[in-house]
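Everything below concerns the one structure shown next.
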Amino acid sequence: MAATNVQYETNQGPVDLRRRWIRLGLAVGLVAFTWLVVLPRLADAPPVKRHIQTMKAAGIDPSAMYYTELEPHLFLQPQK
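Heads up, the sequence shown is in this note's numbering, so the first residue is 25 and it goes up one at a time.
Listed below in structure tokens is the structure:
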């Protein structure tokens, strides 16, 4: 298979460069908002809080395990 040279037309003017910085800033801002606002609020939701307490009570460090190592009772069970 022959390698193809695909050339993209780029405009490296000040407007294009500013747009790229703005897009990068928005992406970083979105990640920061998710990490610093959404995830902490999600951790306060009752089902998540119960799961976190169960893990702490069992002495489990969730950052050091794989899903295959989890006990089945730690997964959410369908409510009847």
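Glycine included, C-beta positions come from ideal geometry on N, C-alpha and C.
Report yes if the CB atom of A67 is closer than 8 Å to the CB atom of K73, and no otherwise. Yes, Cβ-Cβ distance for A67 and K73 is below 8 Å.
Tell me whether the beta-carbon of P70 lies closer than 8 Å to the beta-carbon of M79. Taking 8 Å as the Cβ cut-off, P70 and M79 do not qualify as a contacting pair.
On the DSSP letters alone, give me the boundaries of the alpha helix (DSSP H) that H75 sits inside. P70 to A81
What residue does the alpha helix (DSSP H) around D40 start on, and which one ends it? Here the alpha helix (DSSP H) through D40 covers P38 to F57.
Inter-residue Cα distance where the pair is A51 and F57: 10 Å
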